[in-house]
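Residue 0 is where the sequence shown starts when you use numbering that gives the first Met the number 0, and the numbers rise one by one after that.
We put the CB at the ideal spot given by N, CA and C, even for glycine.
If you're wondering where the values come from, they're calculated on a predicted model, not measured in any experiment.
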Amino acid sequence: MSGAAGNDETPAPLKKFQHRLAAGIPAATILGRSNATAVPSPTIRITAVAVAGSSHSDAADWFELTNIGRAAVDSTGWKMDDNSFLAASAVALSGVTSINPGQSVVCAETSHLATTKAAFISAWFAGRALRRSQWALIPAAAWV
């Protein structure tokens with residue numbers, strides 16, 4: 000009886016109930032029990048965004064990504080796009096390949112990371128260094 004509930008032909012006490020739904024697919028598969036590997040929930044959050052505009056040299060457009068999880072996250076190959084709406088125009092976040100648990104990455108528009116980083120820390124944090132942070136370089140030309 001394909002696609003219906005029924006008993007197997009195994010003699011007692013090894014007899015088991017076969018329950019099938021949806022055109023013969025075992026119910027356990029449909030109801031969430033399978034041999035598939037679980038995919039963990041994303042642990043990266045966008046925790047800050049500033050769209051001051053490219054004319055602000057001390058703190059132009061930037062955003063912050065934070066790993067709220069318990070394991071490092073590989074960020075190799077991650078890209079961003081400011082306004083083209085074209086995947087082909089996205090620009091790689093350079094300088095960061097992994098984000099550790101509890102760590103934040105400030106992604107800033109710049110061609111001169113050291114200068115921009117110092118100006119950013121001065122403008123946003125009164126010159127105090129940020130703990131557990133990294134910086135990603137996004138070429139200024141990418142922020143269209």
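TODO: Helix, strand or coil for T46, going by three-state DSSP, please let me know.
DONE: Walking along the sequence shown from the start, residue 46 turns up at place 47. The answer is strand: DSSP assigns T46 an E or B state.
TODO: Could you check which residue in D73, A86, P100 has the C-alpha nearest to that of S93?
DONE: Along the sequence shown, one-based indexing puts residue 93 at 94. Of the candidates D73, A86, P100, D73 places its Cα closest to the Cα of S93.
TODO: Would you mind sorting T107 into buried or exposed? The rule is 16 or more other CB atoms within 10 Å of its CB.
DONE: One-based indexing of the sequence shown puts residue 107 at position 108. Going by the sequence as given, residue 107 is Ala instead of Thr. So A107 ends up on the buried side.
- [ ] For K78, write down the residues that DSSP places opposite it in a beta bridge.
- [x] In the sequence shown, the residue the question calls residue 78 occupies position 79. Partner(s): A91.
Open item on the list: Am I right that E63 and A89 are in contact with their C-beta atoms under 8 angstroms? What's the rounded C-beta distance?
Closed with: Here the question's residue 63 lines up with position 64 in the sequence shown. Here the question's residue 89 lines up with position 90 in the sequence shown. In fact, because the Cβ distance is near 18 angstroms, the residues do not count as touching under 8 angstroms.
Task: Beta-ladder partner(s) of N66, from DSSP - done: Counted from its first residue, the sequence shown places residue 66 at position 67. Under DSSP, the beta-bridge partners assigned to N66 are I43.
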